[in-house]
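Below you'll find the structure, written out as structure tokens, and then a few comments.
In the numbering used here, the protein residues as written are 133 to 408.
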């Protein structure tokens with residue numbers, strides 16, 4: 133899928149078999165999303181009962197902050213312009229091409245694209261800037277972790293993207309941080325992916341298919357003219373984080389799983405009963 137290994141190669145077949153044997157001989161196989169679960173169940177039907185979803189969490193509890201009061205936004209002159217942020221890895225499984233082309237389409241609009249991070253596809257952004265001589269793209273290196281609460285809230289809308297099929301093997305952790313930041317999200321993923329369903333159901337974002345830059349550009353332009361809709365999406369994003377993506381929730385799920393593997397009784401319950 134990513135172009136690194138071909139399905140008919142010996143190496144691919146070896147790792148495919150290794151994954152199957154690992155899952156088959158495990159007590160439980162933890163996956164990070166419903167898309168991953170469906171993919172594994174289809175690929176390895178006999179391990180279906182071993183699969184459990186435990187979603188990741190946001191690594192920071194980010195204080196909500198208006199962009200106009202944000203020091204990072206002030207530093208980079210983002211407070212008075214509609215800002216679209218992509219923060220994190222720009223790797224082989226991310227549809228950076230669609231975002232970059234959408235920026236070219238919107239080059240004459242009062243919209244600023246900010247890319248923070250690095251990866252195999254960073255050069256695509258650099259080439260777009262050079263080839264089209266555009267000023268609506270700001271490309272910044274990966275920021276120190278302590279800057280994350282400021283950088284993630286220095287925008288109006290955040291972006292997350294995956295190439296077709298990547299949702300089956302990847303759950304981008306940047307999504308959780310964006311929700312914690314209280315910013316609405318535009319996702320570039322396959323229709324009916326777990327991200328599409330998550331954003332649509334919660335009202336915290338909009339999904340658009342990969343390889344459709346004009347459609348992405350139209351969505352961004354429309355949102356730039358609807359500040360109230362953007363505000364509501366951001367509020368719903370933060371609410372979703374509070375309910376579903378705090379560290380304490382994930383810790384509790386892992387704790388419950390580890391104490392109940394192999395149908396053994398939870399030792400914490402045994403200890404409580406013995407003290408009665």
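Using N, Cα and C, we set each Cβ at its ideal position, and we do this for glycine too.
Sort out for me which residues DSSP pairs residue i with in a bridge.
i, result
"residue 335", "Residue 335 is not bridged to any residue."
"residue 379", "According to DSSP, which records beta bridges pairwise, residue 379 is partnered with nothing at all."
"residue 184", "162"
"residue 249", "Paired residue(s): none; residue 249 is not in a bridge."
With DSSP collapsed to three states, give me the class of residue i.
i, result
"residue 241", "coil"
"residue 330", "helix"
"residue 272", "strand"
"residue 218", "strand"
"residue 295", "coil"
"residue 302", "coil"
"residue 223", "coil"
"residue 286", "coil"
"residue 314", "coil"
Just to confirm, are residue i and residue j a CB contact at a threshold of 7 Å?
i, j, result
"residue 267", "residue 343", "no"
"residue 275", "residue 248", "yes"
"residue 319", "residue 373", "no"
"residue 290", "residue 227", "no"
"residue 246", "residue 225", "no"
"residue 452", "residue 382", "Lying outside 133 to 408, the shown extent of the chain, residue 452 is not represented and no answer is given."
"residue 351", "residue 338", "yes"
"residue 316", "residue 366", "yes"
"residue 221", "residue 286", "no"
"residue 300", "residue 171", "yes"
"residue 314", "residue 370", "yes"
"residue 213", "residue 242", "yes"
"residue 283", "residue 204", "yes"
"residue 368", "residue 334", "yes"
"residue 288", "residue 236", "no"
Let me confirm a value: residue i is counted as buried when at least 16 other C-beta atoms fall within 10 Å, else exposed. Which label applies?
i, result
"residue 134", "Residue confidence is low: residue 134 scores 49 on pLDDT, short of 50, so the model does not pin down where it sits. Its coordinate-derived value is still stated next. Exposed, since its Cβ has fewer than 16 Cβ neighbours within 10 Å."
"residue 233", "buried"
"residue 209", "exposed"
"residue 280", "buried"
"residue 157", "exposed"
"residue 244", "buried"
"residue 195", "exposed"
"residue 142", "exposed"
Using a Cβ-Cβ distance cut-off of 7 Å, determine whether residue i contacts chain C.
i, result
"residue 388", "No chain C is present in this structure, which holds just one protein chain."
### Task
Would you be able to state if there are at least three C-beta pairs under 8 Å between the stretch 185-192 and the stretch 156-174?
yes
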